[in-house]
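Note sheet for the following structure.
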Amino acid sequence: MEISGRTKVCALIGDPVEHSLSPAMHNAAFKHLDLDYVYLAFKVRREELRDAVNGVKALKIHGLNVTKPLKVEITTLLDRLDESALNIGAVNTVLRAGDKLIGYNTDCIGALEALREAGVNLEGMKAVILGAGGAARAVAFAVAPKVRELVILNRTVTKAESLSRDLKRRLGVDVRFGGLSEVEKEEELKDADLLINATSVGMKPNENLSPVNPNLLKPDLTVFDLVYNPVETKLLKDAKKVGAKVVDGLSMLLFQGAAAFSIWTDRDPPLKVMREALKSALEERVSG
Ligand SMILES: NC(=O)c1ccc[n+]([C@@H]2O[C@H](COP(=O)([O-])OP(=O)(O)OC[C@H]3O[C@@H](n4cnc5c(N)ncnc54)[C@H](OP(=O)(O)O)[C@@H]3O)[C@@H](O)[C@H]2O)c1
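For the sequence shown, the residue numbers in the numbering used here are 3 to 290.
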């Protein structure tokens with residue numbers, strides 16, 4: 003990639019950012035389409051966010067991805083939020099349009115695209131989401147208007163309650179909520195069609211853990227695990243064993259990135275190239 007005075011800069015901000023897979027995915031896509039863009043990563047702590055946002059404006063940085071712990075706080079520092087960011091209350095993508103910064107949340111579309119690619123038709127389904135953190139909020143807003151019934155179970159019940167309240171207020175959808183006890187999981191999974199793990203349980207270095215006892219899984223269940231490190235989590239392995247359909251977190255990571263790519267470039271994302279770049283960056287991270 004030839005860097006020049008005209009090169010447009012996109013960047014990830016957050017803390018930590020060192021192990022992010024996004025630079026590999028986006029730079030591969032820019033290169034493939036021969037776009038004069040570059041993607042960097044800047045470590046920005048919470049207390050540095052206001053300065054960083056002013057810096058984005060002053061340096062005319064073209065676009066941002068935003069990760070922990072800045073996704074919620076940055077919503078108050080931007081000029082405008084699109085509907086998904088307003089609903090979710092968090093921003094993961096920013097576009098600079100002149101002197102204005104516009105915030106988006108592409109996790110919502112990322113989740114829907116991952117399910118669509120896997121051939122999952124949400125209509126008429128009962129979905130159970132485990133978790134009520136940032137990722138769970140995005141997925142809940144994505145699936146709530148489409149499914150027949152939605153239940154949110156979270157270790158901290160008050161967070162599930164507050165997400166359920168926001169879904170009612172913003173989308174007018176009734177969503178039940180509860181805790182993450184074995185009894186609650188068993189009761190809700192009995193007649194569920196779709197199980198979504200949006201907790202961090204099963205993520206490295208705890209890859210031997212699963213948020214769900216394998217006895218609760220069944221062949222007619224679709225299991226979507228947002229955790230992508232490892233790609234095949236214990237939950238997905240258990241689900242495959244009983245013959246359930248599985249959707250991994252890497253596809254959501256790809257599609258949320260693809261949506262951000264389109265926002266910055268107005269071009270169709272080269273999905274195949276981006277998926278390959280993600281896979282090799284992940285492999286490198288494992289071996290490195
Ligand atoms: N595939 C993708 O594109 C994508 C995108 C975003 C996130 N993710 C993944 O999704 C996961 C959650 O991310 P996030 O941003 O939502 O994080 P977060 O906001 O910190 O939320 C973490 C969630 O996990 C729950 N949790 C954590 N440890 C737990 C445990 N030991 N037992 C039960 N529940 C536990 C938390 O429950 P409490 O509320 O009780 O603490 C909370 O619901 C991560 O693995 C992340 O990598 C994937």
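Positions of the beta carbon are idealized from the N, C-alpha and C atoms, including for glycine.
Subject >> Completely contained beta strand (DSSP E) runs for the stretch 29 to 76, where each covers 3 or more residues >> reply: Unbroken beta strand (DSSP E) stretches of 3 residues or longer found wholly inside the stretch 29 to 76: 39 to 45, 65 to 68, given in chain order.
Original post:
Secondary structure at residue 5, three-state DSSP: helix, strand or coil?
Top reply: Position 3 of the sequence shown holds residue 5. Residue 5 falls in the coil class under three-state DSSP.
Original post:
Hey, residue 65 and residue 97: beta-carbon distance below 8 Å or not?
Top reply: What you label residue 65 is simply residue 63 of the sequence shown in a count that begins at 1. What you label residue 97 is simply residue 95 of the sequence shown in a count that begins at 1. In this structure, residue 97 lies closer than 8 Å to residue 65 by Cβ.
**OP:** State whether the stretch 220 to 233 contacts the stretch 156 to 166, with contact taken as three or more CB pairs (one from each stretch) at a distance under 8 Å.
**Re:** Touching, no.
Original post:
What is the C-beta distance between residue 51 and residue 76, in whole angstroms, given that I count them as a contact (C-beta under 8 Å)?
Top reply: Indexing the sequence shown from 1 puts residue 51 at position 49. Indexing the sequence shown from 1 puts residue 76 at position 74. Their Cβ separation, rounded to whole angstroms, is 6 Å, which keeps residue 51 and residue 76 in contact under 8 Å.
**OP:** Output the residues surrounding ligand 1, defined as those with a CB atom closer than 6 Å to any ligand heavy atom, in chain order.
**Re:** Sorted by chain position, residues whose beta-carbon lies closer than 6 Å to a non-hydrogen atom of ligand 1 are 109, 112, 133, 134, 135, 136, 137, 138, 156, 157, 158, 161, 182, 200, 201, 202, 203, 205, 228, 229, 230, 251, 254, 255, 258.
**OP:** Could you round the C-beta distance between residue 132 and residue 155 to whole angstroms and report it? I think they count as a contact, below 8 Å.
**Re:** The residue given as residue 132 occupies position 130 in the sequence shown. The residue given as residue 155 occupies position 153 in the sequence shown. The pair is a contact, with the Cβ atoms about 5 Å apart (cut-off 8 Å).
Subject >> Residue from 194, 172, 58, 53 with nearest C-alpha to residue 143 >> reply: The count along the sequence shown starts at 1 and reaches residue 143 at position 141. Among 194, 172, 58, 53, the Cα nearest to that of residue 143 is on 172.
**OP:** Just tell me which of 217, 219, 212 has its CA closest to the CA of residue 229.
**Re:** Along the sequence shown, one-based indexing puts residue 229 at 227. When only C-alpha atoms are compared, the closest one is 212.
**OP:** Quick one: grab the DSSP three-state call for residue 13.
**Re:** The sequence position of residue 13 within the sequence shown is 11, counting from 1. Correct three-state label for residue 13: strand.
Subject >> According to DSSP, residues forming a beta bridge with residue 128 >> reply: Mapped onto the sequence shown, residue 128 falls at position 126. Answer by DSSP bridge pairing, in chain order: 151.
Original post:
Using a beta-carbon distance below 8 Å, is residue 98 in contact with chain C?
Top reply: Of the chains in the structure shown, none is chain C; there is only one protein chain.
Subject >> N- and C-terminal bounds of the beta strand (DSSP E) containing residue 199 >> reply: Position 197 of the sequence shown, counted from the first residue, corresponds to residue 199. Under the DSSP assignment, residue 199 falls in the beta strand (DSSP E) whose first and last residues are 196 to 199.
**OP:** Spatial neighbours of residue 209 within its chain, please: CB distance less than 6 Å, with the 5 preceding and 5 following residues excluded, ordered by chain position.
**Re:** To locate residue 209, count along the sequence shown from 1; it is residue 207. Sequence-distant partners of residue 209 (beyond 5 residues in either direction) whose C-beta falls short of 6 Å from its own C-beta, in its chain, are 232.
**OP:** Assign residue 94 to one of two classes, buried (16 or more other C-beta atoms within 10 Å of its C-beta) or exposed (fewer than that).
**Re:** Reading the sequence shown from its first residue, position 92 is the one you call residue 94. So residue 94 ends up on the buried side.
Original post:
Contact between the stretch 17 to 36 and the stretch 53 to 61: three or more CB pairs below 8 Å?
Top reply: Output reads no: the stretch 53 to 61 does not touch the stretch 17 to 36.
Subject >> the stretch 236 to 247 contacting the stretch 260 to 268, beta-carbon criterion three pairs below 8 Å >> reply: Segment contact: the stretch 236 to 247 against the stretch 260 to 268, fewer than three CB-CB distances shorter than 8 Å; contact not assigned.
Original post:
Excluding sequence positions up to five away, which residues of its chain have a Cβ less than 7 Å from the Cβ of residue 136?
Top reply: Your numbering for residue 136 matches position 134 in the sequence shown. Cβ within range, chain order: 73, 92.
Subject >> beta strand (DSSP E) segment containing residue 105, residue limits >> reply: Counting from one through the sequence shown, the residue named residue 105 turns up at place 103. Where residue 105 is concerned, the enclosing beta strand (DSSP E) stretches over 102 to 106.
**OP:** Give me the Cα-Cα distance between residue 287 and residue 278, rounded to the nearest whole angstrom.
**Re:** For the purposes of this step, residue 287 is taken as the residue at position 285 of the sequence shown. For the purposes of this step, residue 278 is taken as the residue at position 276 of the sequence shown. One C-alpha to the other measures close to 14 Å.
Original post:
Residue range of the alpha helix (DSSP H) that residue 178 falls in?
Top reply: Mapped onto the sequence shown, residue 178 falls at position 176. From DSSP, residue 178 is part of no alpha helix (DSSP H) but of the beta strand (DSSP E) over 178 to 180.
**OP:** Under 6 Å Cβ to Cβ from residue 9, same chain only, skipping five residues before and after it: list those, please.
**Re:** The residue given as residue 9 occupies position 7 in the sequence shown. Taking residue 9 as the centre and dropping the five residues before and after it, the same chain places the C-beta of 38, 40 closer than 6 Å to its C-beta, in chain order.
Original post:
Who are residue 99's beta bridge partners in DSSP?
Top reply: As a position in the sequence shown, residue 99 is number 97, starting the count at 1. Answer by DSSP bridge pairing, in chain order: 102.
**OP:** Given a cut-off of 8 Å, decide if residue 87 and residue 107 are closer than it, judged by their beta-carbon atoms.
**Re:** Here residue 107 refers to the residue found at position 105 of the sequence shown. Here residue 87 refers to the residue found at position 85 of the sequence shown. For the 8 Å CB-CB criterion, residue 107 and residue 87 form a contact.
Subject >> Outcome for residue 187 when other beta-carbon atoms lying within 10 angstroms are tallied against a minimum of 16 >> reply: Position 185 of the sequence shown, counted from the start, is the residue given in the question as residue 187. Residue environment analysis places residue 187 among the buried positions, since at least 16 neighbouring C-beta atoms fall within 10 angstroms of its C-beta.
**OP:** Measure the alpha-carbon distance for residue 62 versus residue 32 and round it to whole angstroms.
**Re:** On the sequence shown, position 60 is the one that residue 62 refers to. On the sequence shown, position 30 is the one that residue 32 refers to. The alpha-carbon atoms of residue 62 and residue 32 are separated by roughly 19 Å.
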